[in-house]
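These notes are about the structure you will find just below.
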Amino acid sequence: MSNIIRERYPQALIVGKKSPPFRPFTGAENAAYLAEIAASEADIIWVSLGAPKQEIWIYDNYRHFKRGLFVGIGAGFSYLAGEIKHAPHWMKSLALEWLYRLIQEPFRLFGRYLVSNSLFLYYISREFLYYENNKSKNSSTQNRSQRF
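So the sequence shown is numbered by numbering that gives the first Met the number 0: it starts at 0 and just counts up by one.
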């Protein structure tokens, strides 16, 4: 993978890489990863453990560092390496790359998409309703204050 990055982005400076096991990290393994990342003094730490594992790992560990931006990139490296194909242009232009991935890996992604997308819709709806409710309250308060 680093060869592809160096070839495509010759100015990129790769200061470390790790391919962790497909299981939860032991405390000792995690401590070793944290020490290695800290010693690298990386400005950007790309984390590709898959959702939600990478987001949880970043949240649990970012406080150990005084520098660096953590970016959860999911399958980004797999795309870069050509292991996963991008959706056709027409699907991308309609924001349907997620559907293309679902078709490629239905058993792995269906549950994740069902739960995550349902939660997203729930939270965005709740936020919208909260905003609309407060907007109407604020406008009625402003109307009353303008009358006096």
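Idealized CB from N, CA, C, for every residue including glycine.
In this structure, how does DSSP classify residue i when only helix, strand and coil are distinguished?
i, result
"Ile13", "coil"
"Tyr129", "helix"
"Tyr112", "helix"
"Tyr122", "helix"
With a cut-off of 8 Å on the beta carbons, I'd call residue i and residue j a contact; round off their distance for me.
i, j, result
"Met0", "Ala74", "The Cβ separation is near 13 Å, so there is no contact."
"Ser92", "Ile83", "Not really, about 19 Å apart at Cβ, beyond 8 Å."
"Ala41", "Val70", "With a Cβ gap of about 11 Å, Ala41 and Val70 do not count as contacting."
Thinking C-beta only, is residue j closer than 8 Å to residue i?
i, j, result
"His88", "Glu96", "no"
"Asn60", "Leu33", "yes"
"Ile57", "Val46", "yes"
"Leu101", "Tyr112", "yes"
"Phe64", "Ala37", "yes"
Can you tell me the Cα-Cα spacing of residue i and residue j, whole angstroms?
i, j, result
"Val114", "Ile123", "14 Å"
| Every unbroken alpha helix (DSSP H) inside the stretch 18-105 [4 residues or more] | Counting whole runs of 4 or more residues, the stretch 18-105 contains the alpha helix (DSSP H) stretches 26-39, 52-60, 75-79, 88-92, 96-103.
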